[in-house]
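Trainee:
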Amino acid sequence: MQRREFIALIGAIGAVWPRSLIAQPAHQLMKKMPRIGFLASVPHQRIEAFDRGLREMGYVEGANIIIERRFWKNDREQLARFAAELVALEVEVIVASSTPEAIAARAVTGTIPIVTATADAVGVGLAASLARPGGNVTGLTGVASSGKNFGLLLELLPRASRFAVLLDPDNQYHARLMADFQKTAADRQVEILPVIKRSVEDIGPAFQTIASKDIQGLLVLVDPIGFANRRKIIELAAQNRIPAVYHWREEAVEGGLLAYGPDIIDLNRRSAGYVAKLLRGAKAAELPIQQPERFRLVINLKTARALGLNIPTALLATADEVIE
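Under the working numbering, the residues of the sequence shown are numbered 191 to 514, in order.
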């Protein structure tokens, strides 16, 4: 074939070839990208961890995946509205950061897969079991350690007899844990009182209650509002000289006395793997919910000294991290 004939042939092919396969407008390409929703209380390192996990799975935001992010703040009505927005956007997967987000998402869809990074899906009835969820909620759970946290508080304060739990009574997981704590307290012949925190406005009055009840030790249960306002809680615990046990490493790093729980960064990174599996055809009902691979005990000795508290040697010996 002569060069002139070859060029003519290429021109003819170009004339009849579908333009959509030669050059597609950006908005059409965006439509073809998978779209997922991300529902959380506050932007945090966990977001970066999730994005990193997606990249490990081959997904890069804006290049081959769209992420609709919604961050709610101390307002359950806003949370419900954001969950409904994600459903209206017809996202293919919803990532729910913790238990309240998972409940809100499940309330508005029984078909869109929901991936949780830390929720107690089985405990609050969103999944039938860890091995076989059976519905549209799967992912990871980061709450298996909270029962042990009360044991750590008892070990930390062996002579104390009056404890409090900062909780949200509307949080099903908190209500279930409180019942377990009360049984443990009865066995150990100590008293444990629930102190209510439904919103950020309740935190100040909660510590007034704690101060008035001669509380000797505090257990702070994990939830989005508490984590978003952790610095306020830590400061009030210090002002009232109340030894407190928390859930996430970040809380001890920022001044909390002691924290025991899973690695929240790792949980969020691993949740991206579930998103990838679901986008590739897996069924949420058949994907087992995974538990944390590792728990971390973090002790803040600076805070202990400020409280005039001696940490038991045995407890220090088991710490993964000691902050001087």
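Each residue gets a CB set at the ideal place from its N, CA and C atoms; glycine is no exception.
Taking DSSP as the reference, what is the three-state secondary structure of V488?
Mentor: strand
Trainee: What three-state label does DSSP hand A286 in the structure shown?
Mentor: strand
Trainee: R470 to F397, Cα distance in whole Å?
Mentor: 48 angstroms
Trainee: Can you give me the Cβ contacts of R209 inside the same chain, cut-off strictly under 7 angstroms, excluding the 5 residues immediately before and after it?
Mentor: Any reading at R209 must be qualified, since the residue scores a pLDDT of 44, below 50, and its modelled position is unreliable; the value itself is stated next. Here the set comprises nothing.
Trainee: Which complete alpha helix (DSSP H) runs does the region 243-295 hold, if anything under 4 residues is left out?
Mentor: 266-278
Trainee: Can you tell me whether DSSP reads G451 as helix, strand or coil?
Mentor: If DSSP states are grouped into helix, strand and coil, G451 belongs with the strands.
Trainee: Could you name the residues of the same chain whose beta carbon sits closer than 7 angstroms to that of D370, not counting the 5 residues immediately before and after it, in chain order?
Mentor: Non-local C-beta neighbours of D370 in its own chain, meaning closer than 7 angstroms and more than five positions away in sequence, comprise G337, ordered along the chain.
Trainee: According to DSSP, is L344 helix, strand or coil?
Mentor: L344 falls in the helix class under three-state DSSP.
Trainee: In the structure shown, what three-state DSSP assignment does A424 receive?
Mentor: Note on identity: in this sequence residue 424 is Ile, with Ala being the wrong assignment. DSSP places I424 in helix when its eight states are reduced to three.
Trainee: Are the C-beta of E391 and some C-beta of chain E separated by less than 8 angstroms?
Mentor: Any reference to chain E falls outside this structure, which holds one protein chain only.
Trainee: Does K492 pass the burial test, meaning 16 or more other C-beta atoms within 10 Å, or should it be called exposed?
Mentor: exposed
Trainee: Quick one: what's A230 bridged to in DSSP?
Mentor: F261
Trainee: Give the DSSP-derived three-state secondary structure of Q480 in the structure shown.
Mentor: Here DSSP, grouped into helix, strand and coil, assigns Q480 to strand.
Trainee: Taking three-plus beta-carbon pairs below 8 angstroms as touching, is the region 271-283 in contact with the region 430-447?
Mentor: no
Trainee: Just mark K403 as buried or exposed, buried being the case when its beta carbon has 16 or more other beta carbons within 10 Å.
Mentor: exposed
Trainee: Thinking C-beta only, is G243 closer than 8 angstroms to R460?
Mentor: yes
Trainee: Just to confirm before moving on: does the CB-CB distance between A292 and L316 stay below 8 angstroms?
Mentor: yes
Trainee: Based on Cα-Cα distance, which residue from M368, K222, L229 and G341 lies nearest to T308?
Mentor: L229
Trainee: Is L356 near the ligand MG, judged by its Cβ being under 7 angstroms from some heavy atom?
Mentor: The ligand MG is not among the ligands present in this structure, which contains no ligands whatsoever.
Trainee: Going by the beta-carbon positions, is the gap between V333 and V412 smaller than 8 angstroms?
Mentor: yes
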